[in-house]
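Protein chains in written order, with the working numbering: chain A, 1 to 305; chain H, 1001 to 1504.
Think of the CB as a built atom: it goes at the ideal place given N, C-alpha and C, for glycine as much as any other residue.
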Amino acid sequence: MLRYVLRRFAIACLLMLFVSFVAYILLFAAGDPAVTIAGAEAKSDDIARVRELYGFDRPILIQYIDWLWGVLGGDLGTSLYFKRPVAGLLLERFAITAKLGALALTLALLVAIPLGVIAGRKPNTLIDRFALLLAVVGQAMPSFWFALLLMILFSVTFPILPASGLTSWRSYIMPVIVLGYFSTPAIMRLTRSGMISALEADYIRTARAMGLPERKVLFDYALRNAALPIVSLASAEFGFMLAGSIIVENVFAIHGAGSLAWESIARADLPTVQALVLCFSLFYVVFTMLADILNALLDPRMRAR
Amino acid sequence: MKWKLKTKLLAGVAVLATLSAPAFAGKADNSLNIAFSDEIETLDYYQTADRPGLIVGRMLYDGLISKDQATGEFVPELAESFEIISDTEIDFKIRPGVKFHNDQILTADDVVFTLNTIKTPEFNARYSIAVNWIAKAEKLDDATVRLTMTAPNPLALEMLAGNIPIYSKAYWDEAGAEGMSKAPVGTGPYKLVAMTPGVSFELQRFDGYYSGGQKADAAIEKINIKIIPEKNTQYIELMNGNLDWIWRVPTDDVERFASRPNLKVDTTPIMRIEYLELNPNKVDSPLADVRVRKAINYAVNRQQMADAFMGQGHPLIQSLCNPVQFGCETDVTTYDYNPDKAAELLAEAGVEAGTSLTIVPNGTEGVAEVIKSSLESLGLNLDITKLQVAVAQEQWYGNMHDIALTNWGAYGIGDVSMSPAAYLNGTADDIVKDPALAALVNEANTTMDRERRASLYSQIFKTIADEAYVVPLWTRSINAVMSSDLGLSVGPDEFVPFYDATWN
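Below you can see the structure in the form of structure tokens.
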């Protein structure tokens, strides 16, 4: 087991290294970062000065190695835009995004799992169709549009919720609903299909034949087995929320990691983009590993392997 | 059961009522709530390039002089008076008793320190053009500072008016650039009281502000600045009364606000102009022939585009400058829309049907598409090459494209020495590379005598028009939407004088 974990850890490190290198190259492929940093009104001498100041005139590989050396020494660098250490900036922004992501995922799980269980238990009934409708709408509706609809309803027509910023707990309501709703369909549909196949299994028939209460059959036996892929999906969704809440953050003027990533790419803020890419790939790796461990806890067969 | 349901519903409504956000309009407490779309990178004025950062900077800091946008005159600010001693020397009498936000008194040493520091390469001012003309500053006595230029610079006063704020030497020594960025200390009419970098800023009127400058007697007590990237969110916050002022509202969106009784729209013409650059130096391009460049000028229906994109009756520009800029010559060769003449010139130049040209669009969305259709009716193909700004610039100055749709704000400076024509001087920023024109531009850019300079620039603009190096389009306007009780207008220099704002 330990060898397996160590091997996966080594592969994860290599993966992160590869992702960071590709991201670095891509930033240069999008044009001379000195031009972007100097600004739209800059002239050739301003651009030349920026290029020299930040060392963009050196070979890309040397610049990348320099950055990597700094990271290995615990220095993520200084933001070229905010002129602040990247580490502090990331901590501030990730704290916001993580809180938002955790709340949204909780909401998605609270809605999706019970609905998925009910729909799975009674397939092709009215409630199953309702759950399907909810899933289709959730998957098809663009986040920004849903966000604006909520805003018009709850900030303009009935002005009960703030439209922007994170000034109080009320500010979280709409962004959490939008972000959570986007993840709900996948979790719900997976729960439904997992429940349908679990409920058709022999051990469920045996459990029922033994006269176990339906609640116990559903939640202790069927859901426990159906939950394995849900755990993997939920962890991937959380990773997505940490990295991909760009649109929701932009619409609600929440200055989290997503909006920082978006802005930093546009501003060619290389140290910030690199640190963000590193963090995002780290999250995916960590959450995938955590999902495996959780699955092992839920499934004794995996523990035995 | 029914009673129970009713109680539950009422309880729900009550909960909703307690959740209700108070509608806080700035008028009630003499504050102003505004939003910008772009994050403000730093409050160290010399390191910021974005317009919101510069606007906030002008509230926190003062310069030696400022420009009266209504009269175009330079008026005293931190300098009580100034005297031009020679083509390269200006003496400034420092205003006595001016306080920094930390209550320290401004001295001639602060002025000398600032001017001698910002010009150095190590200081690395964001825009070198603002400071690279300063040779030295010296203290003549406790109240007088002499500024010496490296060479005659006709833009010296323009640069000193707003673009060169004076820093406190003592505070800089103590806090440095980082301190200036996080907790700036200036002499401006507002001081920073709180900020969350990139998110929000809170400014408080500085009660120790001196009288005599243009920014004196600010009426608004507190200015709250939010960064809201999404325009629709800004609109909602404005309609809710949570914001009092927003700007850079697209013309298409302005109509939504026109009918709302509590809001008003302020449209200000600004220094920024939009135009097509025609590259005569791309290898094998037909644009090397002046007849083809003239044909493109004739082929473009500028007024129709201005009406469609800028609003009905929007004025056109005739030369490569904003008519309100000093030295802008408008009596130049013009090319009114005439597709027959365009076809004739193309035939004369031997341009075959199906010839392909490329355009890099960096301007109003949709303009390149209209030009494409105009040229297609003459048998020319136009490939629209949409690129990232950095790549577009690289390719454009590498002579890889024929046409560029461009806009230029001239840093808000009302003098043609900052017009696009001033860069046709044979350097890397010059796409035309016409030696005769470059010689004229270089002479004009170092001529202090205003009349001589105006005459040189007149020749420059006439040459540009005769050679059809550009297709001048229009000046831009900026739309601000605000509470109908707010008195505030964006300046023609694209700066917003919030210190002049009033609640009616």
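Among the residues facing chain H, T36(A) is included, as its CB has a counterpart in that chain under 8 Å away.
Taking 8 Å as the cut-off, the beta carbon of V251(A) is found closer than this to the beta carbon of L148(A). Along the region 134-161 of chain A, going in chain order, the ones with a CB nearer than 9 Å to a CB of chain H are F144, A147, L148, M151, I152, S155, V156, F158, P159, I160 and L161. Residue contact check for F238(A) against chain H: no CB pair falls below 8 Å.
Residue burial is scored here from C-beta neighbours: D1244(H) has at least 16 other C-beta atoms within 10 angstroms and is therefore classed as buried. According to the DSSP secondary-structure assignment, S1066(H) is paired through a beta bridge with V1075(H). Comparing C-alpha distances from L260(A) to each of E92(A), P229(A) and I152(A) shows the shortest one belongs to E92(A). Looking at the DSSP output, Y81(A) shares a beta bridge with no other residue. Straight-line measurement puts the Cα of A266(A) at about 21 Å from the Cα of A1404(H). DSSP places R189(A) inside the alpha helix (DSSP H), whose first and last residues are R170 to L199. Taking every protein chain shown into account, the CB of P162(A) has 16 or more other CB atoms within 10 angstroms, so this residue is buried. In terms of Cα proximity to N1224(H), the closest of K1191(H), D1252(H) and T1233(H) is K1191(H).
Interface residue (Cβ-Cβ distance to chain A less than 8 Å): T1233(H) is classified as such.
Of the residues assessed, T157(A) falls on the exposed side of the cut-off, its CB having fewer than 16 other CB atoms within 10 angstroms. Neighbours of N250(A) across chain H, judged by C-beta separation under 7 Å: P1229 and E1230.
Under the three-state reduction of DSSP, I204(A) is assigned to helix.
At least one CB of chain H lies nearer than 8 Å to the CB of L53(A). A straight-line Cα-Cα distance of about 6 Å links T1267(H) and S1477(H).
Residue burial is scored here from C-beta neighbours: R189(A) has at least 16 other C-beta atoms within 10 angstroms and is therefore classed as buried. Judged by beta-carbon spacing, A253(A) lies beyond the 8 Å limit of I1094(H), meaning their Cβ atoms are not closer than that value.
C-alpha of A296(A) to C-alpha of A234(A): approximately 15 Å in a straight line. In this structure, the beta-carbon distance from L132(A) to I187(A) does not fall below 8 Å. When secondary structure is reduced to three states using DSSP, S1031(H) falls in the strand class.
A Cβ-Cβ distance of about 6 Å is found for the pair N1445(H) and A1422(H), placing them in contact under the 8 Å criterion. According to DSSP, residue pairing for K1226(H) in a beta bridge involves A1035(H) and S1200(H). Y1167(H) sits in coil when the DSSP states are folded into three classes, being neither helix nor strand. Look at the beta carbons and you see the region 1144-1156 of chain H not touching the region 1178-1188 of chain H: under three pairs across the two are nearer than 8 Å. Residue-level contact by beta carbon holds for R49(A) and chain H, with a gap shorter than 8 Å. Using a C-beta cut-off of 8 Å, the region 138-152 of chain A makes no contact with the region 64-79 of chain A, since fewer than three inter-stretch Cβ pairs fall below that distance.
In the DSSP assignment, Y1275(H) falls within the beta strand (DSSP E) that extends over L1263 to L1278. Residue pairing from DSSP leaves V277(A) without any beta-bridge partner. Among the bridge pairs identified by DSSP, Y1190(H) is matched with R1205(H).
When DSSP reads this structure, W1245(H) sits in a beta bridge with I1034(H) and M1482(H).
Looking at the DSSP output, R1146(H) bridges to D1091(H) and E1138(H). In the DSSP assignment, W145(A) falls within the unbroken alpha helix (DSSP H) covering S143 to M151. Residues of chain H whose Cβ lies closer than 7 Å to the Cβ of Y81(A) are, in chain order, E1041.
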